[in-house]
């Protein structure tokens, strides 16, 4: 065990942890004022429920080494055998329970991201039940596929440095399914962000936390970690540029919301590739990520007609898909000898493996999420009533308001 790596991972876990409250602010500022608190509650609920569930069974199902190619077993239920001693299958230099806590923050964040798709209309009780089932039966298996010992995508040779498949494609596809099943908001066309400074604050905290998300996934301080650090910041910056260039051309004005969204798009796109590609490649990946996510939100969504309220699929699904493909194009063992060479470095097989991983994730997450939503709908009402939606979920479901009129 190395003290330096342990301290590094402790702070990386804290950085990723703060991303979930940041999502609450980022999403909360984008909804109407009457739904600000209810939107934030989805993230707070994720922190509470998934934190406990991960300890009880989620971590074991995702990372235990005695399972099969599709899911772990229950050897580590309740963290039995998960202590301060490192587990060499994942890291020989940090405590096993430190690795577990780092992965916990990913599991929490993924569920919080999904909530952007159904904001302003899904009941909190339905969300909590959905979060429990989805974390156990969707997130844990996909995490095991990609990162767990014996996972079939890991054995196939598909690579995902920090969660392109596990976090972003999974949350984006789940969000799309929920948006379709729950249906459109009432007066969705009239919905507009009520507090963009709040969204800016949340977005910048997400960017800050993303350094723990990506750099921490190296599990040690080395050249790969520093490359991931550089790539993460670079792709976020070029994501802004890519988004604003397209927005400026099409809508004639660059917007603050577009800039923040472009940063998130660039961060999502670089996540699976950040520890495998050069800084120059991160410029390209981030720029295209910003551009294609703009297209997904302002063209694809309008053509298909689904109401992904805060663009969980538009940012995370589309951005994560591009990131997975880009990894298959730009990855090079000159950056990380534990990775692989992509198409542009002489090996087309990695691109095919990445495509298999992406398609498998879309199919599994889409089908499993649909089944879970239907089961939840049989137990509790999925959607707020028309009256609750009209008055706002803050006061009707939670009995409180974010803002009060002055008595002056």
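In UniProt numbering, the protein residues as written are 1 to 408. Positions of the beta carbon are idealized from the N, C-alpha and C atoms, including for glycine.
Where does the unbroken alpha helix (DSSP H) through residue 1 begin, and where does it stop?
Where residue 1 is concerned, there is no enclosing alpha helix (DSSP H), given that its DSSP letter is neither H nor E.
For residue 36, which beta-bridge partners are listed by DSSP?
DSSP lists no partner for residue 36.
DSSP three-state label for residue 334, please.
coil
Quick one: Cα of residue 45 to Cα of residue 114, how far?
12 angstroms
Residue 214 to residue 273 span [Cα, whole Å]
9 angstroms
Residues bridged to residue 122 [DSSP beta-bridge criterion]
383
Around the Cβ of residue 27, are there at least 16 other Cβ atoms within 10 angstroms (buried) or fewer (exposed)?
buried
Quick check on residue 214: does DSSP put it in helix, strand or coil?
helix
Measure the CB-CB distance between residue 191 and residue 306 and report whether it falls below 7 angstroms.
no
Measure from the alpha carbon of residue 135 to the alpha carbon of each residue in 205, 150, 69 and 52, then state which is nearest.
52
Kindly identify the DSSP beta-bridge partner or partners of residue 87.
91
So, under 8 angstroms CB-CB, residue 100 and residue 82 are touching, yes? Tell me the CB distance rounded to an integer number of Å.
6 angstroms
Residue nearest to residue 149 in terms of C-alpha spacing, selected from 72, 112, 170 and 299
72
Figure out for me which residue from 90, 299, 286 and 205 has the closest Cα to the Cα of residue 217.
90
For residue 14, the three-state DSSP class (helix, strand or coil)
helix
Does DSSP put residue 408 in a helix, a strand or coil?
The pLDDT assigned to residue 408 is 34, lower than 50, so where the model puts this residue is not dependable; a value taken from the coordinates is nonetheless given after this. The answer is coil: DSSP assigns residue 408 none of H, G, I, E or B.
Judging by CA-CA distance, which residue of 388, 236 and 373 is the nearest neighbour of residue 182?
373
Quick check on the DSSP output: what are the complete alpha helix (DSSP H) runs of length 4 or more inside the region 163-204, in order along the chain?
170-182
Would you mind sorting residue 408 into buried or exposed? The rule is 16 or more other CB atoms within 10 Å of its CB.
Summary for residue 408: the model assigns pLDDT 34, below 50, so the residue's position carries little reliability, and this model does not support an answer.
Cutoff 8 angstroms; reference residue 2; Cβ partners in own chain excluding five residues on either side:
93, 94 and 220
Start-to-end residues for the alpha helix (DSSP H) that takes in residue 288
279-295
Excluding the five sequence neighbours on either side, which residues of its own chain have a C-beta within less than 7 angstroms of the C-beta of residue 301, listed in chain order?
308 and 314
4 or more residues per run - each alpha helix (DSSP H) lying fully within the region 43-115
59-63 and 96-114
Tell whether a beta-carbon distance below 7 angstroms holds between residue 292 and residue 138.
no
Backbone secondary structure at residue 303 - three-state DSSP:
helix
Between which two residues does the alpha helix (DSSP H) holding residue 141 run?
140-147
Hey, quick one: how far does the alpha helix (DSSP H) through residue 229 stretch, first residue to last?
223-251
Given a threshold of 16 other Cβ atoms within 10 Å of its Cβ, counted over all protein chains shown, does residue 346 qualify as buried or as exposed?
exposed
Indicate the three-state DSSP secondary structure (helix, strand or coil) for residue 273 in the structure shown.
coil
Short check: CB of residue 263 to CB of residue 240, under 7 angstroms?
yes
Once DSSP output is grouped into helix, strand and coil, what is the label at residue 350?
helix
Rounded C-alpha distance that separates residue 187 from residue 398
22 angstroms
Residue 167 versus residue 112 - alpha carbon distance:
10 angstroms
Are the CB atoms of residue 244 and residue 266 nearer to each other than 7 angstroms?
no
Three-state secondary structure (DSSP) at residue 316?
helix
Tell me which residues share the same chain as residue 171 and place their Cβ nearer than 7 angstroms to its Cβ, disregarding the 5 neighbours each side in the sequence.
110, 113, 114, 312 and 316
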